[in-house]
Structures are given as structure tokens and as C-alpha cells.
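The structure under discussion appears below in the form of C-alpha cells.
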Amino acid sequence: MKQITSIQNSFIKSLVLLQEKAKNRRQTGTFLIEGIREISLAVKGNYQIETILFYPEIYSEAEAKKLAPHADLIEINKEVFQKLSYRDTTEGVLAVAKSKSLELSDLKLSETPLILIAEAPEKPGNIGALLRTADAANLDAVIIANPKSDLYNPNIVRSSVGCLFTNQIATASTAEIIAFLKEKNINFYCATLQNSTSYHTQDFTKPTALVVGTEATGLTQEWRDAATQNIIIPMQGEIDSMNVSVAAAILIFEAKRQRGF
């Protein structure tokens with residue numbers, strides 16, 4: 025079994041770049057996962073784990089072998105682990121994984137799918153929260169329109185607590201997604217202030233996509249014009265919007281309620 029004890033090692037330097045640069049993640053088709061739960065969920069989600077790196081004072085070789093039996097094992101020391109570790113809480117294990125295709129054509133949908141679409145979300149924390157909500161509701165898929173962030177950004181992996189690996193995810197342009205929904209005969213309901221009706225009056229038991237935009241600018245005109253129906257969450261306070269992940273959760277679980285959970 026290989027051991028690495030220097031942060032100047034070329035492989036370790038390449039992993040640091042995976043953490044820091046979306047360009048390197050795209051070029052290599054790989055990314056870094058930190059933490060036992062996250063790696064376990066990636067394995068369960070059929071992600072290919074290439075390498076497990078473990079710090080034996082925290083996480084044993086036997087545990088590392090069990091976590092991803094087919095991966096190469098590398099033992100690292102404290103200095104290397106601290107260089108690669110992204111989180112304050114240390115679990116002593118990291119993994120190099122192959123990224124998956126994020127094409128719309130790869131999605132496998134049920135007969136009456138329930139899909140979440142988020143247009144141009146920027147904050148990794150919001151994307152992570154959306155993925156956690158999607159996992160909680162067992163949605164068919166999450167689609168990101170006009171993505172601003174690389175989905176394999178370590179902040180998204182971390183904020184999603186591994187739900188990046190438990191959801192079917194695709195990315196595409198708004199025009200491509202609208203065409204996809206129409207081709208599949210999926211109704212789509214856009215959360216927006218303009219020309220909207222209350223969300224709870226709509227029938228979400230048919231093939232449905234719920235579409236949310238950014239808190240700052242909302243959904244683009246392209247979505248609002250094409251929607252099956254624009255919907256709004258009635259608010260009784262002074263503000264006219266809420267966190268995108270909260271709004272999405274309200275809409276998603278209304279759909280789940282209509283479908284009998």
C-alpha cells in the first residue's frame with residue numbers, strides 16, 4: 025500500500041487543485057470527497073471511487089478498505105491530511121471520485137415525475153439546501169438551469185451533506201430545459217411575483233416540475249412566459265420573498281401532500 029508524507033508530492037498537489045479549481049475538476053473528470061457519510065453516499069449512488077486517502081490515527085486501514093473496497097488505498101500523515109481537509113471536523117478520510125454526466129438525456133424519470141428546477145443559483149449553501157430538500161422528498165430529479173457554480177465544488181458537496189450523490193441531477197440552458205419538459209409532457213410551475221396564482225390551488229399530481237429562481241432577481245422572462253402556470257406563495261409580512269431553498273421546500277411538500285406522500 026502506498027504512503028504519502030509530503031505536501032510537495034505531485035499527486036497531493038493535484039488534489040489541492042481539485043479542491044480549489046473548477047477547471048481542474050472539469051479537465052480530469054474527478055473531484056474530492058471528504059467525510060465518511062459523504063463517501064458512503066457516493067458509493068451508494070454508484071459513483072466510481074478511484075482512491076481513498078486515510079490518516080490512520082483517526083481512520084483505520086480496515087475501515088478505509090470497507091468504505092470503498094475497489095478503490096486504491098493511500099495512507100497519509102497528519103500534514104497531508106490537514107492540507108487536503110476542507111472541514112473543521114476531521115474524520116480522517118477523503119476520496120477521489122469520478123464525476124457523472126449531467127445531461128438531461130441521462131435522467132430516468134417515473135411515469136408521473138416530480139422535478140425541482142433552479143435557475144442560476146449562485147450560493148453553494150443554497151444549492152446544498154435544495155439538494156437536501158430534494159433528497160428528503162425523494163424527487164425524480166433536480167435540474168440546474170444556466171448553472172453559475174460547478175456542482176462538484178467542495179462547498180456544495182459539504183453543504184448538501186452528501187445529497188449531491190443521492191439525487192439525479194442535470195444541468196442545461198433554460199431553453200434546453202423548457203424544450204425537454206414540453207417533449208416529456210411535464211407541466212412546469214414557476215415561482216414568481218408576476219401574473220401568479222396561489223401555489224396551493226394547482227394540481228401537482230400530474231407530471232410536474234417546480235421552478236425557482238434567485239432571491240435577487242427571480243426567474244427570467246423566458247420561464248415566466250413559457251410556464252404552465254406562474255405560482256406564488258402568499259406572504260403576510262413586509263417582505264415579498266424568502267430564501268430559495270425554503271420556498272422550494274414549501275412547493276415541493278405541497279406536491280408531496282397532494283400525492284399522499
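So for the sequence shown, this note's numbering puts the first residue at 25; every next one is plus one. Just so you know, even glycine gets a beta-carbon here, dropped at the ideal spot from N, CA and C. Predicted model, so just to flag it, every value in this text is computed and none were measured.
Asked, Found
"If we ignore side chains and look at the alpha-carbon of each, how far apart do residue 34 and residue 92 end up?", "23 Å"
"Terminal residues of the continuous beta strand (DSSP E) containing residue 120?", "117-122"
"Please classify residue 26: does DSSP put it in a helix, a strand, or coil?", "strand"
"Give me whichever residues DSSP pairs with residue 40 in a beta bridge.", "DSSP lists no partner for residue 40."
"The beta strand (DSSP E) spanning residue 254 covers which residue range?", "253-256"
"Would you check if the distance between the CB atom of residue 276 and the CB atom of residue 161 is smaller than 8 Å?", "yes"
"Provide the residue span of the alpha helix (DSSP H) that contains residue 63, from first to last.", "60-68"
"Residue 41 to residue 110, Cα distance in whole Å?", "13 Å"
"In this structure, what does DSSP give as the bridge partners for residue 73?", "121"
"For residue 269, is the classification buried or exposed, using 16 other Cβ atoms within 10 angstroms of its Cβ as the cut-off for buried?", "buried"
"Please work out which residues of its chain come closer than 6 Å, Cβ to Cβ, to residue 152, disregarding the five sequence neighbours upstream and downstream, and give them in chain order.", "180, 183 and 184"
"Taking all protein chains shown into account, decide if residue 285 is buried (16 or more other Cβ within 10 angstroms of its Cβ) or exposed.", "exposed"
"Between the segment 73-83 and the segment 130-137, do three or more beta carbon pairs fall short of 8 Å?", "no"
"What ranges does the alpha helix (DSSP H) occupy inside the segment 156-180, keeping only unbroken runs of at least 4 residues that lie completely in it?", "none"
"Under the three-state reduction of DSSP, which class applies to residue 48: helix, strand or coil?", "helix"
"Using the Cα positions of residue 216 and residue 256, report the straight-line distance between them to the nearest angstrom.", "6 Å"
"Could you give the residue range of the alpha helix (DSSP H) that holds residue 212?", "Careful: residue 212 lies outside any alpha helix (DSSP H), inside the beta strand (DSSP E) at 211-215."
"For the segment 93-112 against the segment 64-82, are there 3 or more C-beta pairs whose distance is under 8 Å?", "yes"
"Based on the DSSP output, what are the partners of residue 242 in its beta bridges?", "238"
"Look at the alpha carbon of residue 264 and the alpha carbon of residue 32, and state the distance between them as a whole number of angstroms.", "52 Å"
"Mind checking residue 226: buried by the 16 CB within 10 Å criterion, or exposed?", "buried"
"State buried or exposed for residue 124, treating a residue as buried only when at least 16 other CB atoms are found within 10 Å of its CB.", "buried"
"Given a cut-off of 8 Å on the beta-carbon distance, is the pair residue 186 and residue 115 in contact?", "no"
"Rounded C-beta distance between residue 213 and residue 278? I'm assuming under 8 Å.", "Between residue 278 and residue 213 the Cβ distance is about 10 Å, and since that is not below 8 Å, they are no contact."
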